[in-house]
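Participant:
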Amino acid sequence: MDAAVRPVAPLLVVAGTAFLLLVLDLLPPRGTKRHLGVVALAGVVAALLVTVVLWGREARAFSGMVVLDGFALFFDVVICYAAALVLLLSMDYCGRHGIESGEYYVLVLFSTLGMMLMAHAADLILIFLALELMSLSLYVLAGFFRWRLTGGESAMKYFLLGAFASGFFVYGVALIYGATGSTALERIAAAAGARPPGPLLVVGLGLLLVGFGFKISSVPFHMWAPDVYEGAPTSVAALIATGSKAAGFAALLRVLLSTFKVVQPDWTALLWGVAVLTMTVGNVVAIAQSNVKRMLAYSSVAHVGYVLVGVVAGGALGAGGVLFYLLVYTFTTVGAFGVILLLERGRQEAVNLDDYGGLAESHPVLALVLALFLLSLTGMPPTAGFAGKFYLFGAAVRSGYIWLAVIAVLNSAVAAYYYLRVIVYMYMRDREGVPTGAVPSFAGRLALGIALWGVLQLGVMPAPVLNLAQAAVAPLLR
Numbered sequence: 052m053d054a055a056v057r058p059v060a061p062l063l064v065v066a067g068t069a070f071l072l073l074v075l076d077l078l079p080p081r082g083t084k085r086h087l088g089v090v091a092l093a094g095v096v097a098a099l100l101v102t103v104v105l106w107g108r109e110a111r112a113f114s115g116m117v118v119l120d121g122f123a124l125f126f127d128v129v130i131c132y133a134a135a136l137v138l139l140l141s142m143d144y145c146g147r148h149g150i151e152s153g154e155y156y157v158l159v160l161f162s163t164l165g166m167m168l169m170a171h172a173a174d175l176i177l178i179f180l181a182l183e184l185m186s187l188s189l190y191v192l193a194g195f196f197r198w199r200l201t202g203g204e205s206a207m208k209y210f211l212l213g214a215f216a217s218g219f220f221v222y223g224v225a226l227i228y229g230a231t232g233s234t235a236l237e238r239i240a241a242a243a244g245a246r247p248p249g250p251l252l253v254v255g256l257g258l259l260l261v262g263f264g265f266k267i268s269s270v271p272f273h274m275w276a277p278d279v280y281e282g283a284p285t286s287v288a289a290l291i292a293t294g295s296k297a298a299g300f301a302a303l304l305r306v307l308l309s310t311f312k313v314v315q316p317d318w319t320a321l322l323w324g325v326a327v328l329t330m331t332v333g334n335v336v337a338i339a340q341s342n343v344k345r346m347l348a349y350s351s352v353a354h355v356g357y358v359l360v361g362v363v364a365g366g367a368l369g370a371g372g373v374l375f376y377l378l379v380y381t382f383t384t385v386g387a388f389g390v391i392l393l394l395e396r397g398r399q400e401a402v403n404l405d406d407y408g409g410l411a412e413s414h415p416v417l418a419l420v421l422a423l424f425l426l427s428l429t430g431m432p433p434t435a436g437f438a439g440k441f442y443l444f445g446a447a448v449r450s451g452y453i454w455l456a457v458i459a460v461l462n463s464a465v466a467a468y469y470y471l472r473v474i475v476y477m478y479m480r481d482r483e484g485v486p487t488g489a490v491p492s493f494a495g496r497l498a499l500g501i502a503l504w505g506v507l508q509l510g511v512m513p514a515p516v517l518n519l520a521q522a523a524v525a526p527l528l529r
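Counting from 52, one number per residue, gives the positions in the sequence shown under our numbering.
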């Protein structure tokens, strides 16, 4: 592989597949677009294979704006897994709900491209461009239920609040450029370390954190999440909950760990408070939800708080734990949304708690699979969720943030209530009214099988992947 192409090879595969879909969408057959989903899936799998081939190599391109290293490649794996599982879930779901179109698969790939580019970006301008490529695609995808009021509402809220957050991000980039004379992360780090950081640099970093806070849905920038998750197609909600969060943390970690070490005590103290607020608000509000998609939305907010615990802990253990947890969270959350996607009650998605009454009797396999995903989100052994939380909270304790770890454990206990409540409905409540049925979907069940394998495999044998994650963050900690 040519040295100039190598740093962007996985991105080129995804971009090339997206442009190929634009051409194929104009050709017959016109009656169905399922073949476009297969081509999109093949492109994502090819990008995943290219990522594996490039593992262990380092390179730069475009004057150092794009970097290839273990950190970027690990996030490529996480994002490609999320995109592949979402595409599998989408194949039958889109046709069933009348949103099957070539544009849908193209937008999924362009959003995936933006996510991957955020992980590879070593310049604030490129991070912003990747952020907007991802966000603009997701804004449109969130409103794909055009005939539903909730669909239009979710897309509009997502767009308006996202544009507002992007403004904060750009203003932060401008201030940092004014303080250091560059937008390249390495040059910013050199300029910040050469003299005491001034107020311009600190304020610029604060504005960047506002932009990142919206993308990862941390408190107090989380209010869009429940409405978007509820109104968007369930497959899109799964992509927003996993891929976009992974991309946001990829850029956030690279910026904080490799560029702003000089003000680490400041942003560590800030993120300590944000982590506590995020996990607490997410869990407490999730208890009051009767809509399962809204419950998972607030649950995702709480999990952002858990991930921020690893960011605060820092070091190879903390940052490596963040990467490992994001992979675990991807498998678990896509799986949970996938089960919801396959259930219908009265020709509508089964999104209310009452819809899950007696599910274990009518569909025992799906009930068991959903229970395993919920137990993983809770953090129960031997699921991957337990291993992920163990490493994150353990890193906090070893770094001296004992109270932060205690608060995180208490929040996990609170979260067990609303996760186990769904399991109680499935196994201990009787079915009432119209029964909840499972729709036939080979691709959807294949996605659930892969996600379940990931949850159990990473729960039983987490060490090899955790070692890869710690090795991946090592270059950022030099």
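Quick reminder that beta carbons are idealized off the backbone N, C-alpha and C, glycines included. The structure presented is a predicted model; accordingly, all values stated were derived computationally and were not measured.
For a minimum of 4 consecutive residues, which ranges assigned as the alpha helix (DSSP H) are wholly contained in the stretch 364 to 412?
Facilitator: If we require 4 residues or more, the alpha helix (DSSP H) runs fully inside the stretch 364 to 412 come out as 366 to 392.
Participant: Can you list, in chain order, the residues of its chain whose CB lies under 7 Å from that of Tyr-476, leaving out five sequence neighbours each side?
Facilitator: The count along the sequence shown starts at 1 and reaches residue 476 at position 425. Excluding sequence neighbours, Tyr-476 sits near Leu-404, Tyr-407 and Gly-408.
Participant: Let's see if you can read the secondary structure: which residues bound the beta strand (DSSP E) around Ala-112?
Facilitator: For the purposes of this step, residue 112 is identified with residue 61 of the sequence shown, where counting begins at 1. Its beta strand (DSSP E) spans residues 110 to 112.
Participant: Over what stretch of residues does the beta strand (DSSP E) that includes Val-118 continue unbroken?
Facilitator: Residue numbering aside, residue 118 sits at position 67 when the sequence shown is read from its first letter. Counting along the chain, the beta strand (DSSP E) containing Val-118 begins and ends at 117 to 119.
Participant: Considering only C-alpha positions, which residue in the set Lys-208, Leu-180, Glu-183 and Ala-181 is nearest to Ala-193?
Facilitator: For the purposes of this step, residue 193 is taken as the residue at position 142 of the sequence shown. Closest option to Ala-193, Cα to Cα, is Lys-208.
Participant: Exposed or buried, which one is Glu-468 when buried takes at least 16 other CB atoms within 10 Å?
Facilitator: As a first step, residue 468 is located in the sequence shown; it is residue number 417 there, counting from the start. As written in the sequence, residue 468 is Tyr, which differs from the Glu given in the question. Exposed, by the Cβ-count rule.
Participant: Identify which residue in Lys-84, Arg-81, Leu-100 and Gly-82 has its Cα closest to the Cα of Val-65.
Facilitator: Counting from 1 along the sequence shown, the entry for residue 65 is found at position 14. Taking only the C-alpha atoms, the option nearest Val-65 is Leu-100.
Participant: Only counting runs of 4 or more residues, tell me where the alpha helix (DSSP H) segments fall wholly within the stretch 266 to 300, in order along the chain.
Facilitator: Complete alpha helix (DSSP H) runs here, min 4: 275 to 282 and 285 to 290.
Participant: Taking the continuous alpha helix (DSSP H) assigned at Arg-199, which residues delimit it?
Facilitator: Within the sequence shown, the letter at position 148 stands for residue 199. Careful: Arg-199 lies outside any alpha helix (DSSP H) and carries neither H nor E.
Participant: Tell me the DSSP secondary structure of Asp-481 in three-state form.
Facilitator: Sequence index remark: in the sequence shown, residue 481 carries index 430 (1-based). Coil at Asp-481, not helix or strand.
Participant: In angstroms with no decimal places, state the Cα-to-Cα distance between Ala-520 and Thr-163.
Facilitator: On the sequence shown, position 469 is the one that residue 520 refers to. On the sequence shown, position 112 is the one that residue 163 refers to. Taking the straight line joining both Cα atoms gives about 21 Å.
Participant: Measure how close the beta-carbons of Ser-295 and Lys-266 come, nearest whole angstrom, since I'm counting them as under 8 Å.
Facilitator: In the sequence shown, counting from the first residue as 1, residue 295 sits at position 244. In the sequence shown, counting from the first residue as 1, residue 266 sits at position 215. Confirmed, Cβ separation roughly 6 Å.
Participant: At what residues does the alpha helix (DSSP H) containing Gly-324 begin and finish?
Facilitator: Position 273 of the sequence shown holds residue 324. Unbroken alpha helix (DSSP H) run through Gly-324: 315 to 338.
Participant: Go through the stretch 154 to 238 residue by residue and report every complete run of the alpha helix (DSSP H) that reaches 4 residues or more, in order.
Facilitator: You should have 175 to 193 and 200 to 231.
Participant: Contact check, Ala-298 vs Ala-170 under 8 Å by CB: the rounded distance?
Facilitator: Stepping through the sequence shown from its first residue, residue 298 is reached at position 247. Stepping through the sequence shown from its first residue, residue 170 is reached at position 119. Contact flag correct, Cβ pair sits at about 6 Å.
Participant: From Val-457 to Val-313, what does the alpha carbon distance come to, in whole angstroms?
Facilitator: As a first step, residue 457 must be located in the sequence shown, where it is residue number 406. As a first step, residue 313 must be located in the sequence shown, where it is residue number 262. Those two C-alpha atoms are separated by around 28 Å.
Participant: Taking only the alpha-carbon atoms, compute the straight-line gap between Ala-134 and Pro-247 and give it to the nearest angstrom.
Facilitator: Start at 1 with the first residue of the sequence shown, and residue 134 comes out as number 83. Start at 1 with the first residue of the sequence shown, and residue 247 comes out as number 196. Cα to Cα, the separation comes out at about 42 Å.
Participant: Buried or exposed for Val-123, please, with buried defined as at least 16 other CB atoms from any protein chain shown within 10 angstroms of its CB.
Facilitator: Position 72 of the sequence shown, counted from the start, is the residue given in the question as residue 123. Checking the displayed sequence, the identity of residue 123 turns out to be Ala instead of Val. It counts as buried.
Participant: Exposed or buried, what is Pro-58 when buried is set at 16 or more other beta-carbons lying within 10 Å of its beta-carbon?
Facilitator: Here residue 58 refers to the residue found at position 7 when the sequence shown is read from its first residue. The residue is buried, with at least 16 neighbouring Cβ atoms inside 10 Å.
Participant: When you compare the CB positions of Gly-495 and Leu-140, do they come within less than 7 Å of one another, or not?
Facilitator: As a working mapping, residue 495 is identified with position 444 in the sequence shown. As a working mapping, residue 140 is identified with position 89 in the sequence shown. In this structure, Leu-140 lies closer than 7 Å to Gly-495 by Cβ.
Participant: Would DSSP call Gly-488 helix, strand or coil?
Facilitator: Along the sequence shown, one-based indexing puts residue 488 at 437. Strand.
Participant: Do you know whose CA, among Glu-237, Phe-210 and Leu-251, lies nearest Ile-227's CA?
Facilitator: On the sequence shown, residue 227 is found 176 positions in, with the first residue counted as 1. When only C-alpha atoms are compared, the closest one is Leu-251.
Participant: Quick check: does the Cβ of Val-363 come within less than 6 Å of any heavy atom belonging to the ligand FMN?
Facilitator: By its list of ligands, the structure shown contains no ligand whatsoever, and the ligand FMN lies outside what it can speak to.
Participant: Is it buried or exposed, Asp-120, if we count other Cβ atoms within 10 angstroms and call 16 or more buried?
Facilitator: Here residue 120 is taken as the residue at index 69 of the sequence shown, counted from 1. The residue in question, Asp-120, is buried, as its Cβ has 16 or more Cβ neighbours within 10 Å.
Participant: Determine, using beta-carbon pairs with one atom in the stretch 172 to 186 and one in the stretch 233 to 240, whether at least three such pairs fall under 8 Å.
Facilitator: At 8 Å Cβ cutoff, the stretches touch.
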